[in-house]
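Engineer:
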Amino acid sequence: MSSTPFTLRVINLIHSIPSGKVTTYGSIAAMAGNRRAARQVARILHSSSRKEHLPWHRVINREGRISLARQQGYEDQKELLENEGIIFDVSDKIDLNIFLWQGDQS
DNA sequence: CTCGTGACTCCCG
DNA sequence: TCGGGAGCCACGA
163 MSSTPFTLRV INLIHSIPSG KVTTYGSIAA MAGNRRAARQ VARILHSSSR
213 KEHLPWHRVI NREGRISLAR QQGYEDQKEL LENEGIIFDV SDKIDLNIFL
263 WQGDQS
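Heads up, the working numbering is the position in the first sequence plus 162, with the first residue counted as 1.
Put into structure tokens, the structure is as follows:
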């Protein structure tokens, strides 16, 4: 199970995302120690969310946009986020200045 | 075991 | 200002 410390940290961080907030792959990767491992974060998230109850919907890309395609579950994620109070603008983007969660702001 | 791929992001020309 | 390339490495087949 426990692969690398990085993976464990990523999982832990995702669990730490407070409701009503979102974060980006890059932020998680950076907090986990490797800011270039954003892709791995996505991979881990996708894989883990299938087995565990991870708030995967709280993870979006750097544009403040959902990376998924409509057929992939875009609408589902959007609905989950709106249910937590996240606001999407006219471009379906989330204002990261308001909703971005960067750990506990060390 | 090896190989290909990817819910991404940053840097440099 | 904008575009393309490179980096990162876990997971599934």
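Don't be surprised by glycine CBs; every beta carbon is placed ideally from N, CA and C.
Classify S253: buried if its beta carbon has 16 or more other beta carbons within 10 angstroms, exposed otherwise.
Structural biologist: Here residue 253 refers to the residue found at position 91 when the first sequence is read from its first residue. Under this definition S253 is an exposed residue.
Engineer: Leaving out the 5 sequence neighbours to the left and right, which residues in its chain are closer than 6 Å to R227 when beta-carbon positions are compared?
Structural biologist: Your numbering for residue 227 matches position 65 in the first sequence. Hits under 6 Å: K255.
Engineer: Return yes when at least one heavy atom of the ligand MG lies under 7 Å from the C-beta of D257, else no.
Structural biologist: The ligand content of the structure shown is nil, which means the ligand MG is not present either.
Engineer: Starting from L242, trace the alpha helix (DSSP H) both ways and give me its first and last residue.
Structural biologist: Counting from 1 along the first sequence, the entry for residue 242 is found at position 80. Start and end: Y236 to N245.
Engineer: If you reduce the DSSP assignment to three classes, tell me which class T169 lands in.
Structural biologist: Here residue 169 refers to the residue found at position 7 when the first sequence is read from its first residue. The answer is helix: DSSP assigns T169 an H, G or I state.
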